[in-house]
Structure formats: structure tokens, C-alpha cells
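Colleague: Sharing a structure with you now.
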Ligand code: NAP
Ligand code: F7E
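If you want it as C-alpha cells, here you go:
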């Protein structure tokens, strides 16, 4: 039987490798888009031991002619758009790049599908950042969007363009509204990995402090390895739709610090943590927590990894790296 073909954009990031590993386990042929670099970084693919199992193609989501050509030649059954300038903190200074990649990259993707392979099923990497500082303490698919950063605004455009292509051209296009998800291959600028990496450095005698921004922020953090399964499940449904993917459990940065230092058996983190204005944002999201009932009921998906298990996994892997 012919293998299903998946095209994954965002292959060198966190989610691309976890998703690709899942697709390979399901016997897909996996193509991945990687940007051209003088020194390409395939560390995350290597970490999951799939760098030799995926077909990497050099390209860029902002280049529509590149996507048009690839849609015609690869003819993917499934197209996962995970490519983004995904760091909220950088999006104020990089507002144009963020918009070009996240908003117009999505438009390029949807146009390429519509023109060259309209039966390709499309996954859009949406985000809980769309909610901003929501009025309700728990957010679901009907909670109004109030984006509060250039990143969130770019993702708002992508969200509605995905809905529009679904409604106007019958493209099988779904938005995953994913809450924060992390792993040992999370970028080191994001707060979870910044903390687990910092704790590991302190444990191994390579640093003596971690400098952070707003310690009062609260998030709903899950494990990336669990969340990519929800992405795949959305594209296996008869009908496309939008789904919140979250754990439904909220923690603060202080809770994260408690668990991370505890995992490394270091007492009294207050002596190792400082704050600096450089890591605060022009506009902050104070509290997010997702209601995942729709994903549970329709996709049959649920998170498997608790916050404590996630943080322990990350600290353990970071200590292993610094112990080598
Ligand atoms: P990530 O680690 O930042 O990865 C983003 C990927 O996009 C990288 O491989 C990056 O390549 C690639 N990329 C950037 N600009 C590109 C361009 N012009 N053309 C092609 N590829 C480009 O993000 P992630 O955590 O895996 O997240 C995956 C997606 O989910 C993103 O769209 C993100 O916005 C969204 N999301 C993430 C979370 C989360 O908590 N992780 C939550 C909600 C939504 P380089 O490394 O070469 O720049
Ligand atoms: O910040 C606070 C910061 O950068 C989380 C992306 O994947 O998830 C991610 O966006 C919170 C914020 O993630 C530091 O102010 C304090 O309140 O880890 P983060 P994020 O902004 O929530 C969403 C769902 C996405 O879609 C995004 O792509 O932590 N915080 N001190 C800090 N944050 C950072 N980065 N660094 C600090 O020193």
C-alpha cells in the first residue's frame, strides 16, 4: 500500500521533530522544510534520532513560489504548518518578520494547497496567546480573542485565514489552539527551558544564578510529545474544525522554580534567582488555562504527562548534557 505523505514545516524547532517521529512511527513518508543556513542545526532531529529518516528540503514559508513548487512535486496528504517566529518576547522588535512568517506564511501555504493540491489536509499551529488577558479564567473555543502582542496578532490573521479557506474553498483546514507545551528540546529562551537549563548549570557548577522577568505569570504547560498527537488526530477527522489543546492545569513561574530546583535537589531557589526589566514584556499575559473538553470528546485526546513529570524530565536531560 502507498505510504501517506506528510509535509512538516518548522522541522528544526521543538514540535516538528516530535510530530515527525510520531508520523514515522505511523509509517508516513515525511518531508520537512528547513530554512537555508550557512550552518544548519539539526540537533533536535538528532536528539529524537530521526535525522536520517526524514527528507529535508531547503525552502522558506515566506517564499510562495517555493511552496507552490513543493505542493506540486510532493503532493502531500497532510500539511502541518508549524513554521513561525514563535518567541512572543521578540515579536515587538521583529514585528514585520513575525507577520511575514506567521501571517503571510500561512496565506502562502493555504494558497498553494488551494491551487495545486486542494485535497491536502492542513494543520495550522494556533496558540493560546490569541486570548490575551481573557475575561474568563478558563479559555475554550468560544472565548473571544484579544491578542496582546505582534506574535498574537500575526496568529490571529493565520487563524481566521485558515477558517476562511475552510469555509470558502472546502479545504480540510484545522486550527489547533495549543497552550504552552515544552520538552527537553524546547528553545532555551522560553521560560521553562531557560529555568531547567539554568538549574542544570547551577547543579553542575557552570553558573550561579538565573535572571528572569515576571515571576507572577501563570500558564497551562503540557508536554510537546503529547500535543503533537492532537495535531495528527485533527487531520484524521472527517470534518476540519478548531480545537483547544491544553492540560487544564495552571501553574506559576514560582511553581516551576519550586519543582525545577527540587528536581536537582537544590534548596532555597530564591538565592539563585534574580529579576531584570530586560526580561519583562511591553504587555504581559498574566494568566492562561485551557478547557480541553472538545479535544477529549471529539478527538479522544488527552494529555499523558503531568507538569511535575515534564519539569523533572527537562531538568534530568539538561543535567545529563552538562555532566558530559
Ligand atoms: P519553534 O521551536 O520556534 O520552531 C519554529 C520553527 O519554524 C523552526 O524550525 C524555525 O526554523 C521555523 N521557521 C521560522 N521561520 C521560518 C521560515 N521563514 N520558513 C520556514 N520555517 C521557518 O516553535 P515550536 O515550539 O516548535 O512551535 C511550533 C508552532 O506552534 C509554531 O508555529 C508556534 O508559533 C506554535 N505554537 C507553539 C506553542 C508552544 O508552546 N510550543 C504553543 C502554541 C503554538 P529555524 O529554527 O531555522 O528558525
Ligand atoms: O513565557 C514569563 C513571560 O516565553 C511564558 C510560545 O511557545 O507559548 C509560548 O509563549 C511566561 C510569560 O512563553 C521570563 O513573561 C518570566 O508570561 O516561555 P515564554 P509564552 O510567551 O507563553 C505560547 C502558547 C506560544 O504560542 C508561543 O509561541 O513566562 N517570563 N521571565 C519569562 N519568559 C521568558 N521567555 N524569559 C524570562 O526570563
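In the numbering used here, the protein residues as written are 297 to 620.
Every residue, glycine too, gets a C-beta built ideally from N, C-alpha and C.
(1) Considering only heavy atoms of ligand 2, list every residue whose Cβ is less than 5 Å from one of them, following chain order.
(2) Would you call the CB atoms of residue 547 and residue 515 closer than 8 Å?
(3) Between which two residues does the alpha helix (DSSP H) carrying residue 604 extend?
(4) Output the distance between the C-alpha atoms of residue 278 and residue 420, rounded to the nearest integer angstrom.
(5) When DSSP labels each residue in this structure, what does residue 374 get in the three-state scheme?
(6) With a cut-off of 8 Å, do at least 3 Cβ pairs link the region 437 to 449 to the region 564 to 574?
(7) What I want to know is whether the C-beta of residue 368 ends up closer than 7 Å to one or more non-hydrogen atoms of ligand 1.
(8) I'd like to check one pair, residue 477 with residue 523: are the Cβ atoms closer than 8 Å?
(9) Examine the Cβ distances between the region 353 to 364 and the region 396 to 403 and report whether three or more of them are shorter than 8 Å.
(10) Assuming residue 355 is part of the beta strand (DSSP E), what are its boundary residues?
(11) Could you name the residues that DSSP lists as bridge partners for residue 571?
(12) Excluding the 5 residues preceding and the 5 following residue 619 in the sequence, name in chain order all residues of the same chain whose CB lies nearer than 7 Å to its CB.
(13) Count Cβ pairs between the region 436 to 443 and the region 524 to 544 that sit closer than 8 Å; are there 3 or more?
(14) Need the endpoints of the beta strand (DSSP E) that residue 550 sits in, please.
(15) Using alpha carbons as the reference points, say which of 307, 377 and 390 lies closest to residue 353.
(16) Going by the C-beta, is residue 363 closer than 7 Å to any heavy atom of ligand 1?
(17) Beta-carbon within less than 7 Å of residue 462's beta-carbon, same chain only, minus the 5 sequence neighbours each way: which residues are those?
(18) Put residue 415 into one of helix, strand or coil per three-state DSSP.
(19) Reducing DSSP to helix, strand and coil, say where residue 533 ends up.
(20) On the three-state DSSP scale, how would you describe residue 344?
(21) Going along the chain, which residues of its own chain have a beta-carbon closer than 6 Å to the beta-carbon of residue 344, five neighbours each way excluded?
(22) So, are the CB atoms of residue 529 and residue 597 less than 8 Å apart?
(23) CB-CB under 8 Å to residue 493, same chain, minus the five flanking residues each way: which ones, in chain order?
(24) When you compare each of 508, 480, 302 and 417 to residue 550 by their alpha carbons, which one comes out closest?
(25) Report the start-end ranges of each beta strand (DSSP E) in the region 390 to 468 that is 3 residues or longer and not cut off at the edges.
(26) Verify the contact flag: residue 308, CB atom, against every heavy atom of ligand 1, threshold strictly below 7 Å.
(27) Kindly examine ligand 3 and report whether one of its heavy atoms sits closer than 7 Å to the Cβ of residue 358.
(28) Under 7 Å: does the beta carbon of residue 378 sit that close to some heavy atom of ligand 1?
(29) Closest to residue 592 by C-alpha separation, out of 544, 579 and 376, would be which residue?
(30) Report buried or exposed for residue 414, applying the criterion of at least 16 other Cβ atoms within 10 angstroms of its Cβ.
(31) Considering residue 539, what are the terminal residues of the beta strand (DSSP E) in which it resides?
(32) Does the Cβ of residue 386 lie closer than 7 Å to at least one heavy atom of ligand 1?
(33) By Cβ distance, which residues of its chain are closer than 8 Å to residue 452, with the 5 residues on each side in sequence left out?
Modeller: Once the coordinates are examined:
(1) Any residue whose Cβ sits closer than 5 Å to a heavy atom of ligand 2 makes the list: 382, 384, 423, 424, 425, 476, 486, 487, 508, 509, 510, 513 and 575.
(2) Taking C-beta atoms as the reference points, residue 547 and residue 515 count as a pair closer than 8 Å.
(3) Annotation for residue 604: the continuous alpha helix (DSSP H) segment containing it runs 603 to 619.
(4) Outside the shown range of the chain (297 to 620) lies residue 278, about which nothing can therefore be said.
(5) Residue 374 falls in the strand class under three-state DSSP.
(6) no
(7) no
(8) A Cβ-Cβ contact shorter than 8 Å links residue 523 with residue 477.
(9) yes
(10) Residue 355 -> no beta strand (DSSP E), and no H or E assigned at all.
(11) 508
(12) 500
(13) yes
(14) Counting along the chain, residue 550 falls outside any beta strand (DSSP E), though it belongs to the alpha helix (DSSP H) covering 549 to 559.
(15) Considering only alpha carbons, the answer is 307.
(16) no
(17) 469 and 536
(18) Coil, per DSSP.
(19) coil
(20) Under the three-state reduction of DSSP, residue 344 is assigned to coil, being neither helix nor strand.
(21) 313 and 317
(22) yes
(23) 484 and 614
(24) The residue among 508, 480, 302 and 417 with its C-alpha nearest the C-alpha of residue 550 is 508.
(25) Taking only runs of at least 3 residues, the beta strand (DSSP E) segments lying wholly in the region 390 to 468 are 417 to 423.
(26) Look at residue 308: its beta carbon is less than 7 Å from one of the heavy atoms in ligand 1.
(27) In terms of ligand content, the structure shown lacks ligand 3 and carries ligand 1 and ligand 2 instead.
(28) yes
(29) 544
(30) exposed
(31) Where residue 539 is concerned, the enclosing beta strand (DSSP E) stretches over 538 to 541.
(32) Taking non-hydrogen atoms of ligand 1 into account, the C-beta of residue 386 is found less than 7 Å away from none of them.
(33) The answer, listed in chain order, is 426, 441 and 443.
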